[in-house]
Every structure is written in C-alpha cells, then in structure tokens.
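Asker: Numbering (the working numbering), first residue to last: 11 to 291. Beta carbons are placed, not taken as given, at the ideal position from N, Cα and C, and that holds for glycine. Have a look at this one.
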C-alpha cells in the first residue's frame, strides 16, 4: 500500500519547473525525475491504483505532469490523492472476540495499540456470541454490521447522551454512534465496520448508502482530510473531478483532500456502500 499521507504536489511542481536534477549518480530533467521518483504516486493520483508500467506510460505521465503544472492552489484537484486498497494491503490482528482488519489509520505511522491515532477505520469479525468491547475513553465511535446482526448493551461510563439506554439491536447497515468510554457488551456473530475519532482532536462521521445506477453527489463534511469508501459485496462506480473509476467489491478507495465526488452502482440492482469521513479539529 502506498504511504502517501504527506504527498505534496507543490514539491512535484517545483521539481518540474527546476530544470535538471542531480540525484545520486543520475541526472534528470524535471519531468523525467518526477517519473523516476514519483511514478507510482502519479499513477495513484490519476487512476487510484498502481499497476506495472505499460509501453505508453510515458504519454500518460506527460499528460499527468502537464495537469499538475497547470493546477492552482485553490483548484478542486490540488492536493488530491486517490488510492485503492485491497485485501493484501489491510492489517489484520486478533482481539478477545475475533479478528479486526485495519483499513486506515491517521497519522499513517500511528499504532492502534499505543492509542496515538486521531482516527481509525476498520472491520471486525465477531466470532464469539458474546464479547466485550475494548474500552476507548479518548474516542468517539461509529459502528454498523455488514453481515449478521448485533445487539449492543452499553453502560454509562460515557456521556449521558450515548451511555446506557438499554440494548440496541443493529441490523446490517444500521449505524450507531457511541462513546468509547462506555462499557459495551456485544451479542451476536457478525462482521462490522468501525470508525474511531479522537475526542477534541478529530471530527467525522460514518454513513451507509444504497446506491442506484444514477450518479449522486456524495455530501462531504467541510475540511475533511480522509475519505474511505468500502463496497463489501458489490462493485461501485465513482466519478472524480477528472475521471470515472470502478471500485471492486471488497476493496476500499481512500481519498485525501477530496472536495467533490459522485457515486453509483454498477448494475441496476442497488449497491451498499460504507462511507467514513475524518479530519483534524
């Protein structure tokens, strides 16, 4: 998986305009240096996926370099980065009730076990019929099942708005927001989808959408940094500012600094999509 959280178009633009660049034992002109050093990044930026270079790739890079050179700082595309993440990119670990698969964490170098992250998006497989959630007093949480149902019973350790209130039955794609400080017990074997946001440092939301064959704009929170889209079972189509791309079932699209996006199903049948948005306060 490309680690491009600090990807900087200004740096590439500066290189493109700087003429010859000496790097190690090689001398490049600006565009050639960008292709040598940033080939994968440029491909990810344009297509959202990294493949091996093809014979006509130089023309693709020339087009992309020209596009980047022409961007203004206030352009809707400036600083935008897209990347597909597949199963091989995910990090899966065990917890007391099953396994959890991490799709996204910020900062990218953060470690869930150290609780030094601002936000995290993951999916858990709950194998035990009854399990207790890990206490996360510094985080607000969102959760929804994607396969199977779950009943959550929360104590009152968190805020009065989120704590307690009796058991809550969640069916697939029912989203619940709650305080990570709550003592939470889960009943039911299922696969779920989670967003965690550090209190006082991050904002965001999680939604479940039913897409049709018609493109619909995705409402984005102002100022978000990361957007993650996951179609668990069905391919989806995504319309970016410059192209239409396909999101295969089971994969994620991670977008940084996105400002406009439209989504649709690939077939007349509705497609379920999970959406996580997050940014720094």
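(1) Which same chain residues, not among the five before or five after residue 235, have their C-beta less than 8 Å away from its C-beta?
(2) Return the chain-ordered list of same chain residues with a C-beta closer than 7 Å to the C-beta of residue 135, the five sequence neighbours on each side being excluded.
(3) Looking at the strands, I want to know which residues DSSP matches up with residue 163.
(4) Quick one: what's residue 149 bridged to in DSSP?
(5) Spatial neighbours of residue 140 within its chain, please: CB distance less than 6 Å, with the 5 preceding and 5 following residues excluded, ordered by chain position.
(6) Are residue 149 and residue 208 close, meaning C-beta to C-beta below 8 Å?
(7) Shortest alpha-carbon distance to residue 230 belongs to which of 121, 146, 192 and 270?
(8) Along the chain, where does the beta strand (DSSP E) that runs through residue 134 open and close?
(9) So the candidates are 147, 160 and 203; which of them puts its Cα closest to the Cα of residue 189?
(10) Tell me the rounded alpha-carbon separation between residue 128 and residue 206.
(11) Residue 141 lies in the beta strand (DSSP E); which residues open and close that run?
(12) Pick helix, strand or coil for residue 256, following the three-state DSSP scheme.
(13) Nearest by alpha-carbon distance to residue 246: which of 222, 121, 227 and 232 is it?
(14) What span of residues does the beta strand (DSSP E) with residue 108 cover, start to end?
(15) Taking buried to mean at least 16 other C-beta atoms within 10 Å of its own C-beta, is residue 40 buried or exposed?
(16) Roughly how many angstroms separate the alpha carbons of residue 179 and residue 161, rounded to a whole number?
(17) Provide the residue span of the beta strand (DSSP E) that contains residue 230, from first to last.
(18) Could you check which residue in 111, 181, 145 and 156 has the C-alpha nearest to that of residue 164?
(19) Just checking my contact of residue 131 with residue 286 at CB under 8 Å: how many whole Å lie between their CB atoms?
(20) Please state if the CB of residue 100 and the CB of residue 112 are separated by a distance shorter than 8 Å.
(21) What does DSSP give as the partner residues of residue 220 in its beta bridges?
(22) Compare the C-alpha of residue 203 against each of 98, 282 and 192 and name the closest.
(23) Report the rounded CA-to-CA distance for residue 97 versus residue 177, giving the unit in angstroms.
Answerer: In brief:
(1) Excluding positions up to five away in sequence, the list reads 116, 266, 267, 288, 289 and 290.
(2) Within the same chain, residue 135 has close Cβ partners 108, 109 and 201.
(3) Residue 163 is bridged to 195.
(4) As a beta-bridge residue in DSSP terms, residue 149 pairs with 208.
(5) Answer for residue 140: 197, listed in chain order.
(6) With a cutoff of 8 Å on beta-carbon distance, residue 149 and residue 208 are scored as near each other.
(7) Checked all of 121, 146, 192 and 270; the closest Cα to residue 230 is 270.
(8) Where residue 134 is concerned, the enclosing beta strand (DSSP E) stretches over 129-136.
(9) Nearest to residue 189 by C-alpha distance, out of 147, 160 and 203, is 147.
(10) Their backbone Cα atoms lie some 8 Å apart in a straight line.
(11) 140-142 is the span of the beta strand (DSSP E), which, as asked, contains residue 141.
(12) Three-state result, residue 256: strand.
(13) The shortest C-alpha to C-alpha distance from residue 246 to any of 222, 121, 227 and 232 is the one to 222.
(14) 108-116 is the extent of the beta strand (DSSP E) around residue 108.
(15) For residue 40, the pLDDT reaches just 49, beneath the cut-off of 50, and the residue's location in the model is therefore unreliable, leaving the point undetermined.
(16) Within the model, the alpha-carbon separation for residue 179 versus residue 161 is close to 4 Å.
(17) That residue, residue 230, is in no beta strand (DSSP E); it is neither H nor E in DSSP.
(18) The residue with the shortest Cα to Cα distance from residue 164 is 145.
(19) Yes, they are in contact, since the Cβ atoms of residue 131 and residue 286 sit about 5 Å apart, within 8 Å.
(20) Contact: yes.
(21) Partner(s): 282.
(22) Of the candidates 98, 282 and 192, the one whose C-alpha sits nearest the C-alpha of residue 203 is 282.
(23) Those two C-alpha atoms are separated by around 33 Å.
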